[in-house]
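See structure below.
Residue numbers (my numbering), protein chains in the order written: chain A, 522 to 763; chain B, 4 to 86.
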């Protein structure tokens, strides 16, 4: 089923990022990538704990963790408001904020936690976003979200935008609906995977000190990619709403 | 595995990332130059310029990343290699 090259260790000798190797679980006849699920559950638990602890014992004048939580909420609110405008942004804060926090948490979990210490029978633990399935799911959710936004605001009149400004552009407008999730998912997947590959190739060449700046760059790129994904999701929703 | 197919895949992988780096490289250079010019003209707007600049850099970088995804697909998940 899988080509021979998946099992060759030509690439894994050079770089330990095991592209194409997965820790398969068989759930009701479906093969799922267990390592992705494990790390994304961890990210979910961290985010849940953070939001529960951050909203306990609320005070009039925030300090400590409550301050940080309010800052986070302000930040994701600003992402939504910048793209969607004052009149629509409120109902989309949960969606945009969840996208941002989940991608941010996944990227940083992959970059900061030393997953190499935990051995799996096959494959390795890493950021959930370096699996194309995760990013494709997030991108498809975005697609559904902007279709829902457009349809709930304008009803069937939403489809009028396919023949605007002239009906000649109908094919291009339809293709756009496919390229949006495609580019969203590839951008995130490629960036996260590229960071991990660069780090592992560099580590195999020079194990000390030299990979550190690239690791810092990877952490930075992870946060920028989370920002970009949520900004673009908000922009697509805004486009469907206007 | 067919050696012609694997040789062609490796060359194509190298070319895909190399060619995909040209355009974004030029674009990022232009954007960086304009950003520096903007900061030199209006140093008080540095923070705003930096934010927009980094965001647009990431967009350009995505184009190279598409090339990288194609290269990775050719190396690790080549559809023309049947095992």
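Glycine included, every Cβ here is placed at the ideal spot set by N, Cα and C.
Open item on the list: By the three-class DSSP mapping on this structure, what secondary structure does residue 620 of chain A have?
Closed with: Taking the first residue of the first chain as 1, we reach residue 620 of chain A at position 99. Note: residue 620 of chain A maps to helix in three-state DSSP.
Task: Residue interval of the alpha helix (DSSP H) (run including residue 546 of chain A) - done: Along the first chain, read from residue 1 onward, the residue named residue 546 of chain A stands at position 25. Per DSSP, residue 546 of chain A is not a residue of any alpha helix (DSSP H); the beta strand (DSSP E) it occupies stretches across 545 to 548.
TODO: Please determine if the region 24 to 37 of chain B and the region 50 to 70 of chain B are in contact, where contact requires at least 3 C-beta pairs separated by less than 8 Å.
DONE: yes
Open item on the list: Please classify residue 597 of chain A as buried or exposed, where buried requires at least 16 other C-beta atoms within 10 Å of its C-beta.
Closed with: Numbered from its first residue, the first chain carries residue 597 of chain A at position 76. Buried is the call here.
Open item on the list: Under 8 Å: do the region 643 to 657 of chain A and the region 709 to 723 of chain A share three or more Cβ pairs, one atom per stretch?
Closed with: yes
Open item on the list: Check whether the region 749 to 759 of chain A and the region 613 to 630 of chain A touch, using three or more Cβ-Cβ pairs below 8 Å as the test.
Closed with: yes
Task: Test: residue 708 of chain A CB closer than 8 Å to a CB of chain B - done: The residue you call residue 708 of chain A lines up with position 187 of the first chain. So, interface residue.
TODO: Identify, in the order they occur along the chain, each residue of the same chain with its Cβ nearer than 7 Å to the Cβ of residue 581 of chain A, setting aside the five sequence neighbours on each side.
DONE: For the purposes of this step, residue 581 of chain A is identified with residue 60 of the first chain, where counting begins at 1. If we look at residue 581 of chain A and ignore the five residues flanking it on each side, it has no Cβ neighbours.
Open item on the list: Would residue 70 of chain B and residue 23 of chain B be called neighbours here (beta carbons separated by less than 8 Å)?
Closed with: In the second chain, counting from the first residue as 1, residue 70 of chain B sits at position 67. In the second chain, counting from the first residue as 1, residue 23 of chain B sits at position 20. Their beta carbons are under 8 Å apart, which means residue 70 of chain B touches residue 23 of chain B by this criterion.
Task: For residue 551 of chain A, the first and last residue of its enclosing beta strand (DSSP E) - done: Mapped onto the first chain, residue 551 of chain A falls at position 30. 551 to 554 is the extent of the beta strand (DSSP E) around residue 551 of chain A.
Task: Contacting residues, own chain, Cβ-Cβ under 8 Å from residue 78 of chain B (five flanking each side not counted) - done: For the purposes of this step, residue 78 of chain B is taken as the residue at position 75 of the second chain. Contacts found: 12, 13 and 16.
- [ ] Output the distance between the C-alpha atoms of residue 35 of chain B and residue 46 of chain B, rounded to the nearest integer angstrom.
- [x] On the second chain, residue 35 of chain B is found 32 positions in, with the first residue counted as 1. On the second chain, residue 46 of chain B is found 43 positions in, with the first residue counted as 1. The alpha-carbon atoms of residue 35 of chain B and residue 46 of chain B are separated by roughly 15 Å.
Open item on the list: Could you check whether the Cβ of residue 714 of chain A sits closer than 8 Å to any Cβ belonging to chain B?
Closed with: The sequence position of residue 714 of chain A within the first chain is 193, counting from 1. Closer than 8 Å: yes.
Task: Spatial distance of residue 742 of chain A from residue 705 of chain A (CA atoms) - done: Residue mapping note: residue 742 of chain A aligns to position 221 of the first chain, counting from 1. Residue mapping note: residue 705 of chain A aligns to position 184 of the first chain, counting from 1. C-alpha separation (whole angstroms): 15 Å.
Open item on the list: Rounded to whole angstroms, what is the Cα-Cα separation between residue 577 of chain A and residue 628 of chain A?
Closed with: Position 56 of the first chain, counted from the first residue, corresponds to residue 577 of chain A. Position 107 of the first chain, counted from the first residue, corresponds to residue 628 of chain A. If I take the Cα positions, the gap works out to 27 Å.
TODO: Check whether the region 652 to 663 of chain A touches the region 551 to 565 of chain A, taking contact to mean three or more Cβ pairs, one atom from each stretch, closer than 8 Å.
DONE: yes
Task: Under 9 Å by beta carbon: chain B residues contacting residue 749 of chain A - done: Translated into the one-based positions of the first chain, residue 749 of chain A becomes position 228. Simply 58, 61, 62 and 65.
TODO: Taking 8 Å as the cut-off, decide whether the C-beta atoms of residue 600 of chain A and residue 667 of chain A are in contact.
DONE: Position 79 of the first chain, counting from 1, holds the residue named residue 600 of chain A. Position 146 of the first chain, counting from 1, holds the residue named residue 667 of chain A. For the pair residue 600 of chain A and residue 667 of chain A, the CB atoms are not nearer than the 8 Å cut-off.
Open item on the list: I'd like to know if residue 737 of chain A contacts chain B, where contact means its C-beta is closer than 8 Å to some C-beta of that chain.
Closed with: Mapped onto the first chain, residue 737 of chain A falls at position 216. For residue 737 of chain A, not one C-beta of chain B is nearer than 8 Å to its own C-beta.
Task: alpha helix (DSSP H) runs contained entirely in the region 564 to 640 of chain A, provided each spans 4 or more residues - done: 586 to 605 and 610 to 633
Task: For residue 54 of chain B, the three-state DSSP class (helix, strand or coil) - done: Locating residue 54 of chain B in the second chain gives position 51, where the first residue counts as 1. Reduced to three states, the DSSP call for residue 54 of chain B is helix.
Open item on the list: Looking at chain B, is there any beta carbon in it that lies within less than 8 Å of the beta carbon of residue 746 of chain A?
Closed with: Indexing the first chain from 1 puts residue 746 of chain A at position 225. Judged by the 8 Å Cβ criterion, residue 746 of chain A is in contact with chain B.
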